[in-house]
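Enquirer: Using the numbering used here, read the sequence shown as starting at 2 and increasing by one per residue.
Positions of the beta carbon are idealized from the N, C-alpha and C atoms, including for glycine.
All values derive from a computational prediction rather than experimental measurement.
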Amino acid sequence: MMEPTTASASASESAPPPAGWLNRLLVRWIGGPQSVNQGVLFRLLALFLPHRRRLVLANLLIILASFIGVFSLFAFLPILRVIFNEQPLETEPPPAAAVSPEHQLEDDLLTRLPLVGPLIERGRQRIDTLKQRLQAWEVQANAYLSRNKLEGILIIAGVLLLAALLSALLSYAASLIMARIEEETLGGLSERLYAHCIRQDLGFFHRNPTGQLMTRVYNDVMMLRQPMELLYSTTVREPVTMLFLLIFLLLINPTLTAIVLLMLPLAIIPTIILARRIRDISREEVMGDAFIMDQMQTSFSGIKLIKSFGSEDFEAQRFGRSNRTMFRRRFRRRMIKELASSTSDIITIIGVVAILVVGALLLFQFGIIGGGAEFMLYLLVLNRFYKPIKKLSALHVGMQRALMSAERIFDVLDTRPRVIDPPDPLPWPEDFDFIRLEDLGFSYGAKEEPLFRHLNLWIPRDRVTAFIGRNGSGKTTLAALLCRFYLPTEGRILIGSTPLDRIAEKELRRRIVMLTQETILFNLTVLENIAYGEDDIDLERAERAARLTRAHEFIEQLPDGYHTVVGERGGRLSGGQARLLTLARVIYRDPDILILDEPEAALDVKNQAVVAEVLREVTRGRTTILITHKLSSVLHVDKLVRVRRRSTRTIRGKERRTAEALENYI
Ligand SMILES: Nc1ncnc2c1ncn2[C@@H]1O[C@H](COP(=O)(O)OP(=O)(O)OP(=O)(O)O)[C@@H](O)[C@H]1O
Ligand SMILES: [Mg+2]
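#1: Is the beta carbon of serine 474 less than 8 Å from the beta carbon of valine 644?
#2: So what does DSSP say about threonine 490, is it helix, strand or coil?
#3: For tryptophan 138, name the three-state secondary structure that DSSP assigns.
#4: Short check: CB of leucine 452 to CB of serine 444, under 8 Å?
#5: For ligand 2, is there a heavy atom less than 7 Å away from the beta-carbon of glutamine 558?
#6: May I have all residues whose beta carbon comes closer than 5 Å to any heavy atom of ligand 1, sorted in chain order?
#7: What residues in its chain sit with their C-beta under 6 Å from that of isoleucine 64, if we drop five residues either side in the sequence?
#8: Do you know offhand how far isoleucine 626's Cα is from serine 191's?
#9: If I'm right that valine 566 touches asparagine 524 with Cβ under 8 Å, what's the distance once you round it to whole angstroms?
#10: Report the option in Lys132, Thr235 and Leu163 whose CA atom is closest to the CA atom of alanine 59.
#11: Hey, would you say the C-beta of aspartate 598 is under 7 Å away from at least one heavy atom of ligand 2?
#12: Among the residues of its own chain, which have a CB less than 8 Å from the CB of glutamine 201, if the five just before and after it don't count?
#13: Considering only C-alpha positions, which residue in the set Glu313, Met294, Lys338 and Ser302 is nearest to methionine 327?
#14: Evaluate the contact criterion for the region 67 to 82 versus the region 151 to 162: three or more CB pairs, one atom per stretch, below 8 Å.
#15: Would you be able to state if there are at least three C-beta pairs under 8 Å between the region 266 to 276 and the region 179 to 195?
#16: When you compare each of Thr651, Arg548, Ile269 and Arg284 to tryptophan 459 by their alpha carbons, which one comes out closest?
#17: Taking 7 Å as the line, does the beta carbon of glutamine 518 fall inside it for any heavy atom of ligand 2?
#18: Could you give the distance in angstroms between the alpha-carbon of leucine 549 and the alpha-carbon of glycine 289?
#19: Grab me the residues of proline 500's own chain with a C-beta within less than 6 Å of its C-beta, minus the 5 sequence neighbours each way, in chain order.
#20: In terms of alpha-carbon separation, which member of Met400, Gly321 and Phe301 lies closest to aspartate 281?
#21: Strictly by DSSP, which residues pair up with proline 461?
#22: Between which two residues does the beta strand (DSSP E) harbouring arginine 200 extend?
#23: Between the region 598 to 608 and the region 535 to 549, are three or more C-beta pairs nearer than 8 Å?
#24: Where does isoleucine 178 fall in DSSP's three states?
#25: How about valine 413 and cysteine 198: do their beta carbons lie closer than 8 Å?
#26: Report the residue from Leu441, Leu267 and Glu375 whose alpha carbon sits nearest the alpha carbon of alanine 361.
#27: Pull up the CB-CB distance for alanine 694 and alanine 552, whole angstroms please, since I reckon it's below 8 Å.
#28: What is the residue span of the alpha helix (DSSP H) that lysine 448 lies within?
#29: For alanine 480 and valine 642, which I take to be in contact (beta-carbon distance under 8 Å), what is that distance rounded to the nearest angstrom?
#30: Please name the residue in Arg437, Glu544, Lys507 and Ile356 whose C-alpha comes closest to that of proline 424.
#31: Give the single residue among Gly571, Ile84, Met515 and Asp422 whose Cα lies nearest to the Cα of isoleucine 588.
#32: Compare the C-alpha of arginine 284 against each of Glu408, Phe49 and Leu574 and name the closest.
#33: If we count Cβ pairs, one from each stretch, closer than 8 Å, do we get three or more for the region 128 to 141 versus the region 238 to 255?
#34: Looking at C-alpha atoms only, which residue of Asp440, Gly189, Leu427 and Val140 is the closest neighbour of histidine 52?
#35: Leaving aside the five residues before and after proline 426 along the sequence, list all residues of the same chain whose C-beta is less than 8 Å from its C-beta, in chain order.
#36: Helix, strand or coil for histidine 104? Go by DSSP, reduced to three states.
Here's what the structure looks like:
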């Protein structure tokens, strides 16, 4: 598992600098500033930058849609007046007359304030002109309605319907654009993440279990999907709708609207408090998800072991335990989420009720409101006004989990492989005589005891050098160092006089190939497995490699010959057949330096002889390193090296010829 401290440290180092007030505002609203890295949110949003043109278009559509949606509500007013049996306004009332004396006073006080005063004054003038225009329109509509009730209502209903349809259409178009942007961005992110992971050095894969990596590449990106959808549809749509609704409310009644605005913080605060809790739970939840994935991955891939030990119940219970822990965490998160939603519901209702009471008071006691119809319309709009608040708080809550995932994703993206391609590579040394290990030291981790120290070894070119030694003595590790899977902690490896770490990765992989100790096959055809990683597959060359390793015989007998799919991890083949196939694979690659880690493993006596023959054939004029526990294989090699923890020793002379002595080392 990645150590969280170093991981988040690396994320903060490479995060872009906080972008001033905008970032602070966003972070404060969407994720609290304490526990989530500020850069994370900004980086997350930056992923969408390449699509900014389409984002702008979608947002314009959204603004238009919400404008039509909100202001078409005015059409209700004449209908409500007819229903309330109120007289349509025949004359335009002077703007000041519509406002009560106390109200006037309050406004005057406000306009005397520095800075805000002129703004309020100007805003009020705008609203007044708008109001006059609307009233003029209303007078006409009312005049028509009073003459022709049914027809008038039908026309207004038609207008409302059309407006709703248009608004919905625009909204749909905007949503489609958004959905596309999201899919492209998040799909791209998954691809980037996978490509980044696969390029890490081997050490990274020892530190991060498979299940963890799978959750990061897939689940964590999935976790971003819904909140990102919300984020991009809500951040513009809801505030804009709220703004339009606010203007609308102000047009009908400024006093009531002041009360509404006072209620606003009350609706927001509980969600902010609850969201913090959700973030903490989400962190545990994401970790748990990775753990469960890991458990599934190991049990499904180790199914044969489970069957042979009859441990199905054992595994099912183990899985059940982890799953129930997750259940509790998930349930707690849901509980808080629903609580946040209910609280904002309650506050909304309190808000509406408060307005109802105050409004009724104003209507009946002071006659501030134009009439019952206007009040009805006010309540109708007010109800809508609280909806975006609910959505925004849902976003705030939903974002917590996404930010958790985003943090993990950026952690991976910020991890640089320890073994890197040299920026100024040297060419492959065509005329080297030896591979030299100079004063080499290596340990798997800072805390672990070094496996090698001050190791010096020369490996001759075009000869077979065998590594022998007990289990765990470090033979495979030494081979991995020669392949540059890990970097030595001390000393260096030279090919001739060229340091191994100065050779370009691509070149290195073409020149040095290793037959790994474990047999690894992909669920591809036999041919694709032999020519693995090559774009142009040469059937003849593959056949030659297969003939040499005696794999050809059994391949021919497969239902589709070279085009038979071998099954997951070569499950369709026997262990020995799979081994022969991997041997054919390294021979197909035709490298300059061939490393064979226990090639005889899993092979029958006859095929072990094949390996000896292959060695004779393939290793002619090729630097070969053979790791083996088989005495007969090492009797004829050119150089014999005994690997021990911390050291190696070349075995020479008489000692080599006595099988008894060698048997002690193997
Ligand atoms: N990824 C790893 N992280 C930490 N320690 C490791 C890792 N891989 C191997 N080791 C340790 O390094 C030592 C050498 O392992 P290595 O695989 O090189 O042995 P080997 O000589 O190939 O043994 P065998 O004959 O069993 O294949 C062992 O003690 C092992 O526990
Ligand atoms: Mg080994």
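Expert: Put simply:
#1: The count along the sequence shown starts at 1 and reaches residue 474 at position 473. The count along the sequence shown starts at 1 and reaches residue 644 at position 643. Less than 8 Å divides the Cβ of serine 474 from the Cβ of valine 644.
#2: For the purposes of this step, residue 490 is taken as the residue at position 489 of the sequence shown. In the three-state reduction of the DSSP assignment, threonine 490 falls in the coil class.
#3: Within the sequence shown, numbered from 1, the residue matching residue 138 stands at position 137. DSSP places tryptophan 138 in helix when its eight states are reduced to three.
#4: Working through the sequence shown from its first residue, we reach residue 452 at position 451. Working through the sequence shown from its first residue, we reach residue 444 at position 443. Yes. Within cutoff.
#5: Here residue 558 refers to the residue found at position 557 of the sequence shown. Glutamine 558 Cβ: outside cutoff for every heavy atom of ligand 2.
#6: Every residue passing the under-5 Å Cβ criterion appears here: His207, Tyr445, Asn472, Gly473, Ser474, Gly475, Lys476, Thr477 and Thr478.
#7: Here residue 64 refers to the residue found at position 63 of the sequence shown. Answer for isoleucine 64: Val241, listed in chain order.
#8: As a first step, residue 626 is located in the sequence shown; it is residue number 625 there, counting from the start. As a first step, residue 191 is located in the sequence shown; it is residue number 190 there, counting from the start. If I take the Cα positions, the gap works out to 39 Å.
#9: Walking along the sequence shown from the start, residue 566 turns up at place 565. Walking along the sequence shown from the start, residue 524 turns up at place 523. Taking 8 Å as the upper bound for CB-CB distance, valine 566 and asparagine 524 are in contact here, some 6 Å apart.
#10: On the sequence shown, residue 59 is found 58 positions in, with the first residue counted as 1. It is Thr235.
#11: For the purposes of this step, residue 598 is identified with residue 597 of the sequence shown, where counting begins at 1. Yes, since a heavy atom of ligand 2 falls inside the 7 Å radius drawn around the Cβ of aspartate 598.
#12: Locating residue 201 in the sequence shown gives position 200, counting from the first residue. Contacts found: Thr416 and Pro418.
#13: Within the sequence shown, the letter at position 326 stands for residue 327. Nearest C-alpha to methionine 327 among Glu313, Met294, Lys338 and Ser302: Met294.
#14: Three or more Cβ pairs closer than 8 Å define a contact, and the region 67 to 82 meets that threshold against the region 151 to 162.
#15: The region 179 to 195 is not in contact with the region 266 to 276.
#16: Here residue 459 refers to the residue found at position 458 when the sequence shown is read from its first residue. Selected option, being the one with the closest Cα: Thr651.
#17: Taking the sequence shown and counting its residues from 1, the one referred to as residue 518 is at position 517. With a threshold of 7 Å, the Cβ atom of glutamine 518 counts as near ligand 2, since some heavy atom of the ligand is closer than that.
#18: Along the sequence shown, read from residue 1 onward, the residue named residue 549 stands at position 548. Along the sequence shown, read from residue 1 onward, the residue named residue 289 stands at position 288. So the two alpha carbons sit approximately 49 Å from each other.
#19: In the sequence shown, counting from the first residue as 1, residue 500 sits at position 499. Correct list, in chain order: Arg493.
#20: Taking the sequence shown and counting its residues from 1, the one referred to as residue 281 is at position 280. For the options Met400, Gly321 and Phe301, the alpha carbon positioned closest to that of aspartate 281 is the one of Met400.
#21: Numbered from its first residue, the sequence shown carries residue 461 at position 460. Checking the DSSP bridge columns, you'll see proline 461 partnered with Phe435.
#22: Counting from 1 along the sequence shown, the entry for residue 200 is found at position 199. Here arginine 200 belongs to no beta strand (DSSP E), and DSSP marks it neither H nor E.
#23: Under the three-pair Cβ rule at 8 Å, the region 598 to 608 does not count as touching the region 535 to 549.
#24: Locating residue 178 in the sequence shown gives position 177, counting from the first residue. Isoleucine 178: helix per DSSP, three-state reduction.
#25: Numbered from 1 along the sequence shown, position 412 holds the residue referred to as residue 413. Numbered from 1 along the sequence shown, position 197 holds the residue referred to as residue 198. Yes, these two residues count as a Cβ contact at 8 Å.
#26: Looking up residue 361 in the sequence shown gives position 360. Closest by alpha carbon: Glu375.
#27: What the structure shows of the chain is the stretch from 2 to 667, and residue 694 is not part of that stretch, so it cannot be assessed.
#28: What you label residue 448 is simply residue 447 of the sequence shown in a count that begins at 1. Per DSSP, lysine 448 is not a residue of any alpha helix (DSSP H), being assigned neither H nor E.
#29: One-based indexing of the sequence shown puts residue 480 at position 479. One-based indexing of the sequence shown puts residue 642 at position 641. Contact flag wrong, Cβ pair sits at about 12 Å.
#30: Counted from its first residue, the sequence shown places residue 424 at position 423. Comparing Cα-Cα distances from proline 424 to each of Arg437, Glu544, Lys507 and Ile356, the minimum goes to Lys507.
#31: Locating residue 588 in the sequence shown gives position 587, counting from the first residue. Closest option to isoleucine 588, Cα to Cα, is Met515.
#32: Counting from 1 along the sequence shown, the entry for residue 284 is found at position 283. Nearest option by C-alpha distance: Glu408.
#33: With a cut-off of 8 Å, the region 238 to 255 and the region 128 to 141 count as touching, because enough Cβ pairs lie within range.
#34: Within the sequence shown, residue 52 is the residue found at index 51, counting from 1. Distances from the alpha-carbon of histidine 52 to those of Asp440, Gly189, Leu427 and Val140 put Gly189 closest.
#35: On the sequence shown, residue 426 is found 425 positions in, with the first residue counted as 1. Here proline 426 has Arg503, Ile504, Ala505 and Glu508 as same chain residues with Cβ atoms under 8 Å from its own Cβ, once five neighbours each way along the sequence are excluded.
#36: Along the sequence shown, one-based indexing puts residue 104 at 103. Note on histidine 104: pLDDT 49, under 50, position unreliable in the model; no value is reported.
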